[in-house]
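**Student:** After the structure tokens below, expect a handful of questions from me.
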Amino acid sequence: MFSLLETIWRVFLHAFHKRVTIQYPDQKPYLAPRWRGRIILSRDPDGGERCVACYLCAIACPVDCIALQATEDDTGRRYPAFFRINFSRCIFCGYCEDACPTYAIQLTPDFEMGEYRRPNLVYEKEDLLINGPGKYPGYNFWRVAGVKIGGKDKGEAQNEGRPVDLHTLLP
Amino acid sequence: MTSPYPFAAIFGVLIVALTIAAGLIWLERRLLALFQDRYGPNRAGPFGLLQVLADMIKIFLKEDWIPPFADRTVFVLAPAVIVVAVLLSFAVLPIAPGIIVSDLNIGLLWVLAMSSLGVYSIVLGGWASDNKYSLLGAMRASAQMLSYEVFMGLSLMGVVLLAGSFDLVHIVEAQRHLWFVIPQFLGFVLFLIAGLAETRRIPFDLPEAESELIAGFHSEYSGMKFGMFFVGEYLGVVLISSLITVLFFGGWLGPLLPPLLWFFIKMFAFICFFILVRASLPRPRFDQLMAWAWKIMLPLALANLMVTGAVVLAWGK
Chain A
0 MFSLLETIWR VFLHAFHKRV TIQYPDQKPY LAPRWRGRII LSRDPDGGER
50 CVACYLCAIA CPVDCIALQA TEDDTGRRYP AFFRINFSRC IFCGYCEDAC
100 PTYAIQLTPD FEMGEYRRPN LVYEKEDLLI NGPGKYPGYN FWRVAGVKIG
150 GKDKGEAQNE GRPVDLHTLL P
Chain B
0 MTSPYPFAAI FGVLIVALTI AAGLIWLERR LLALFQDRYG PNRAGPFGLL
50 QVLADMIKIF LKEDWIPPFA DRTVFVLAPA VIVVAVLLSF AVLPIAPGII
100 VSDLNIGLLW VLAMSSLGVY SIVLGGWASD NKYSLLGAMR ASAQMLSYEV
150 FMGLSLMGVV LLAGSFDLVH IVEAQRHLWF VIPQFLGFVL FLIAGLAETR
200 RIPFDLPEAE SELIAGFHSE YSGMKFGMFF VGEYLGVVLI SSLITVLFFG
250 GWLGPLLPPL LWFFIKMFAF ICFFILVRAS LPRPRFDQLM AWAWKIMLPL
300 ALANLMVTGA VVLAWGK
């Protein structure tokens, strides 16, 4: 019986407590740096596209919202001919970022993507590409990968030894 | 002491009662938010007051659907009954000296009779819906409201004994020296609980318990028919708060401020208390509810009546 009265009194005291609501459009909430929001494609420190069009993100995507087509430039460097993310399907799970071997695809702390027309939520490559390296400033995939492309032969990558001449291994 | 301008009084009371009932949509949401560390609707208009307008437009534009299996006539009639019954009770409510629609000499009995009629709305609505949840809600409502009406009437008889009249104006005038809440504190507590049960608000909302019965007796209602049940509930809150004010807290009586203002201050204090109770208390089980009514409340009301009667007999008026 008295516990009921105590309950009423304690609930009444909550009228003077601090509000927990964040008045969103006027007052922006804090978003952690690793918050999973709008997806971007980042670039190398020297300005080249990081994406090597390996399709791992498209395979990892549980809702199949990523579509891309691989191609190669004349130096042998792979890149996506088109890269399309349908944000009306995307669930912002971040699996694409986990799958990406080159840190190209990244999720950013931004969720304000409201649109009145659904087709506007389909982002093309030029909408996704940013002019910077995103969360990994110093990383350059082609500089550390042991793959031969134009201007960088086998064995010229960072921390990579010269390839062994097989003929010297003969008994 | 009936008002010299009867039509002005009728329309005045109608407009004020319905406006307050509509305003309660906003007040309840803001106060519930206040008790739950939130802000509540605060974006539409000043302090979110236009939320009332938005809600009304929304409910008017909702599809007004009658299920094909329902009993059409009764289904349509039921929501009107509750609003009519509650509004009829306002007829005998003395708001300030001279501001009363009809000064009946059996005013209190009239109010109790009308609140009994309100049960029909719920029972008929639940029955006509032809839905098991609606029927269960209606059954609960009839049992609950019958049980709580018994000691609701008995808890008020102490006040009637002290004032010597069923006339609500006389009851207010009899409180000029001492509000009846002091000699009739037990009666006040009993009436408060019975009033909560009569309005079917949250500690006693078993007829529409969301977690058990979807929406109870109004599961099948939509649009403005559902809105009428809603308006009826809020009008009931206003009525019970006004009755507590009139019967136990001296109605319009009070120093300095004009009588009308005193009445509304007291009434809104009780409306806010009703909302506070809604924010804090959980719903009892149905057998607990019935046990409370018959095993605790009814004997207490009878004891209160007998002691009051003995005291009035011994000391006289």
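If you read the sequences in order, they're chains A and B. Quick note: the first sequence uses numbering that gives the first Met the number 0, first residue 0, plus one each step. Quick note: the second sequence uses numbering that gives the first Met the number 0, first residue 0, plus one each step. We put the beta carbon where it would ideally sit given N, CA and C, even for glycine. As the structure is a prediction and not an experimental result, all values here were calculated from the model.
Near Thr-248 of chain A, what residues of its chain come up, given a Cβ to Cβ distance below 6 Å and the 5 sequence neighbours on each side ignored?
**Tutor:** With chain A represented from 0 up to 170, any question about residue 248 of chain A goes unanswered, as that position is not in the structure.
**Student:** What are the start and end residues of each continuous alpha helix (DSSP H) run of 4 or more residues lying completely inside the segment 62 to 150 of chain A, in chain order?
**Tutor:** 94 to 98, 124 to 127, 140 to 143
**Student:** Can you list the residues of chain A that Val-276 of chain B reaches, using a CB-CB cut of under 8 Å?
**Tutor:** In the second sequence, residue 276 of chain B corresponds to position 277, counting from 1. What Val-276 of chain B touches in chain A: Ile-7.
**Student:** Is the segment 298 to 309 of chain B touching the segment 154 to 162 of chain B in the sense that three or more CB pairs, one from each, lie closer than 8 Å?
**Tutor:** Taking a cut-off of 8 Å for Cβ pairs, the segment 154 to 162 of chain B and the segment 298 to 309 of chain B touch, as three or more such pairs fall below it.
**Student:** Under a CB-based cut-off of 8 Å, is Asp-36 of chain B close to chain A?
**Tutor:** As a working note, residue 36 of chain B is residue 37 in the second sequence. Judged by the 8 Å Cβ criterion, Asp-36 of chain B is in contact with chain A.
**Student:** Ignore the nearest five residues each way along the sequence and tell me which others in Asp-109 of chain A's own chain have a CB closer than 7 Å to its CB.
**Tutor:** The sequence position of residue 109 of chain A within the first sequence is 110, counting from 1. Hits under 7 Å: Gly-36, Arg-37.
**Student:** Would you report the Cα separation of Ala-278 of chain B and Pro-67 of chain B, rounded to the nearest angstrom?
**Tutor:** If you number the second sequence from 1, residue 278 of chain B lands on position 279. If you number the second sequence from 1, residue 67 of chain B lands on position 68. Straight-line Cα distance between these residues: approximately 37 Å.
**Student:** If we define contact as Cβ-Cβ less than 8 Å, is Ser-154 of chain B a contact residue for chain A?
**Tutor:** Residue 154 of chain B sits at position 155 when you count from the first residue of the second sequence. Not one chain A Cβ lies under 8 Å of Ser-154 of chain B.
**Student:** Considering only the alpha carbon of each residue, which of B:Leu-13, B:Arg-42, B:Pro-281, B:Gly-47 lies closest to Ala-208 of chain B?
**Tutor:** Position 209 of the second sequence, counted from the first residue, corresponds to residue 208 of chain B. Out of B:Leu-13, B:Arg-42, B:Pro-281, B:Gly-47, B:Pro-281 has the C-alpha closest to the C-alpha of Ala-208 of chain B.
**Student:** Rounded C-beta distance between Val-118 of chain B and Met-144 of chain B? I'm assuming under 8 Å.
**Tutor:** Residue numbering aside, residue 118 of chain B sits at position 119 when the second sequence is read from its first letter. Residue numbering aside, residue 144 of chain B sits at position 145 when the second sequence is read from its first letter. Right, their Cβ atoms sit about 5 Å apart.
**Student:** Would Phe-1 of chain A pass as an interface residue toward chain B - the criterion being a Cβ-Cβ separation below 8 Å?
**Tutor:** Position 2 of the first sequence holds residue 1 of chain A. Chain B, which has no Cβ nearer than 8 Å to the Cβ of Phe-1 of chain A, makes this no.
**Student:** Could you tell me whether the segment 174 to 193 of chain B touches the segment 253 to 261 of chain B, using the rule of 3 or more Cβ pairs below 8 Å?
**Tutor:** no
**Student:** If you measure from the beta carbon of Val-51 of chain A to each beta carbon in chain B, is any gap under 8 Å?
**Tutor:** As a first step, residue 51 of chain A is located in the first sequence; it is residue number 52 there, counting from the start. False, the Cβ-Cβ gap to chain B never drops below 8 Å.
**Student:** What does the Cβ neighbour count give for Asp-152 of chain A, buried or exposed, with the cut at 16 atoms within 10 Å?
**Tutor:** Position 153 of the first sequence, counting from 1, holds the residue named residue 152 of chain A. Result: exposed.
**Student:** Between the alpha carbons of Gly-106 of chain B and Lys-17 of chain A, how many angstroms are there, rounded?
**Tutor:** Along the second sequence, read from residue 1 onward, the residue named residue 106 of chain B stands at position 107. Along the first sequence, read from residue 1 onward, the residue named residue 17 of chain A stands at position 18. Distance between the alpha carbons of Gly-106 of chain B and Lys-17 of chain A is about 46 Å.
**Student:** Do you know offhand how far Asp-54 of chain B's Cα is from Lys-224 of chain B's?
**Tutor:** For the purposes of this step, residue 54 of chain B is taken as residue 55 along the second sequence, with counting starting at 1. For the purposes of this step, residue 224 of chain B is taken as residue 225 along the second sequence, with counting starting at 1. Distance from the CA of Asp-54 of chain B to the CA of Lys-224 of chain B, rounded to the nearest whole angstrom, comes to 14 Å.
**Student:** Cβ atoms of Thr-198 of chain B and Ile-243 of chain B: under 8 Å apart, would you say?
**Tutor:** For the purposes of this step, residue 243 of chain B is taken as the residue at position 244 of the second sequence. For the purposes of this step, residue 198 of chain B is taken as the residue at position 199 of the second sequence. Against a cut-off of 8 Å, the Cβ pair of Thr-198 of chain B and Ile-243 of chain B comes out as no contact.
**Student:** Excluding sequence positions up to five away, which residues of its chain have a Cβ less than 8 Å from the Cβ of Met-113 of chain B?
**Tutor:** Taking the first residue of the second sequence as position 1, residue 113 of chain B is located at position 114. Ala-84, Val-85, Leu-87, Ser-88, listed in sequence order.
**Student:** Cβ of Leu-60 of chain B less than 8 Å from any chain A Cβ?
**Tutor:** Here residue 60 of chain B is taken as the residue at index 61 of the second sequence, counted from 1. Answer no: the Cβ-Cβ gap between Leu-60 of chain B and chain A never drops below 8 Å.
**Student:** Do Glu-123 of chain A and Phe-81 of chain A have their C-beta atoms within less than 8 Å of each other?
**Tutor:** Taking the first sequence and counting its residues from 1, one reaches residue 123 of chain A at position 124. Taking the first sequence and counting its residues from 1, one reaches residue 81 of chain A at position 82. A contact, by the Cβ cut-off of 8 Å.
**Student:** Return helix, strand or coil for Ala-173 of chain B, following the three-state DSSP convention.
**Tutor:** If you number the second sequence from 1, residue 173 of chain B lands on position 174. Coil, per DSSP.
**Student:** Assuming Pro-40 of chain B contacts Trp-25 of chain B (C-beta within less than 8 Å), just tell me the rounded distance between them.
**Tutor:** In the second sequence, residue 40 of chain B corresponds to position 41, counting from 1. In the second sequence, residue 25 of chain B corresponds to position 26, counting from 1. With a Cβ gap of about 7 Å, Pro-40 of chain B and Trp-25 of chain B count as contacting.
**Student:** Taking a Cβ distance cut-off of 8 Å, strictly less, list which residues of the segment 256 to 273 of chain B are near chain A, in chain order.
**Tutor:** none
**Student:** Please report whether the beta-carbon of Phe-11 of chain A lies at a distance below 8 Å from any beta-carbon of chain B.
**Tutor:** As a working mapping, residue 11 of chain A is identified with position 12 in the first sequence. So, interface residue.
**Student:** Tell me whether Glu-197 of chain B sits in a helix, a strand or coil according to DSSP, three-state version.
**Tutor:** Mapped onto the second sequence, residue 197 of chain B falls at position 198. The DSSP-derived three-state label of Glu-197 of chain B is helix.
**Student:** Could you say which of A:Glu-125, A:Gly-137, A:Arg-142, A:Asn-85 lies nearest to Glu-114 of chain A if we only look at CA atoms?
**Tutor:** The sequence position of residue 114 of chain A within the first sequence is 115, counting from 1. Considering only alpha carbons, the answer is A:Asn-85.
**Student:** Closest by CA to Ala-162 of chain B, which one among B:Phe-272, B:Leu-134, B:Thr-307?
**Tutor:** Sequence index remark: in the second sequence, residue 162 of chain B carries index 163 (1-based). Of B:Phe-272, B:Leu-134, B:Thr-307, the residue nearest in Cα terms is B:Thr-307.
**Student:** Go ahead and label Met-0 of chain B buried or exposed: buried means 16 or more other beta carbons lie within 10 angstroms of its beta carbon, across all protein chains shown.
**Tutor:** Within the second sequence, the letter at position 1 stands for residue 0 of chain B. With a pLDDT of 49 at Met-0 of chain B, under the threshold of 50, the modelled position of this residue cannot be trusted; read the value that follows with caution. It counts as exposed.
**Student:** On the criterion of 16 or more Cβ atoms from any shown chain inside 10 Å, does Met-135 of chain B qualify as buried, or is it exposed?
**Tutor:** In the second sequence, the residue the question calls residue 135 of chain B occupies position 136. Note on identity: in this sequence residue 135 of chain B is Leu, with Met being the wrong assignment. Per the 10 Å Cβ criterion, buried.
**Student:** Are the Cβ atoms of Gln-105 of chain A and Gly-133 of chain A separated by less than 8 Å?
**Tutor:** Looking up residue 105 of chain A in the first sequence gives position 106. Looking up residue 133 of chain A in the first sequence gives position 134. Contact: yes.
**Student:** So, Ala-98 of chain A versus Ala-59 of chain A, is the Cβ gap smaller than 8 Å?
**Tutor:** Here residue 98 of chain A is taken as the residue at index 99 of the first sequence, counted from 1. Here residue 59 of chain A is taken as the residue at index 60 of the first sequence, counted from 1. Taking 8 Å as the Cβ cut-off, Ala-98 of chain A and Ala-59 of chain A qualify as a contacting pair.
**Student:** Does any residue of chain B have a CB that is nearer than 8 Å to the CB of Arg-77 of chain A?
**Tutor:** Taking the first sequence and counting its residues from 1, the one referred to as residue 77 of chain A is at position 78. So no, Arg-77 of chain A is outside the interface.
**Student:** How many angstroms separate the CA atom of Glu-111 of chain A from the CA atom of Pro-24 of chain A?
**Tutor:** Taking the first residue of the first sequence as position 1, residue 111 of chain A is located at position 112. Taking the first residue of the first sequence as position 1, residue 24 of chain A is located at position 25. One C-alpha to the other measures close to 10 Å.
**Student:** Any idea what DSSP makes of Leu-211 of chain B, helix, strand or coil?
**Tutor:** Within the second sequence, the letter at position 212 stands for residue 211 of chain B. Per the sequence shown, the amino acid found at residue 211 of chain B is Glu instead of Leu. In the structure shown, Glu-211 of chain B sits in a helix (DSSP, three-state: H, G or I).
**Student:** Measuring only between beta-carbons, confirm whether Ser-279 of chain B sits less than 8 Å from chain A.
**Tutor:** Walking along the second sequence from the start, residue 279 of chain B turns up at place 280. So yes, Ser-279 of chain B belongs to the interface.
**Student:** If you follow the alpha helix (DSSP H) that Leu-288 of chain B is part of, which residue opens it and which one closes it?
**Tutor:** The sequence position of residue 288 of chain B within the second sequence is 289, counting from 1. Residues 285 to 290.
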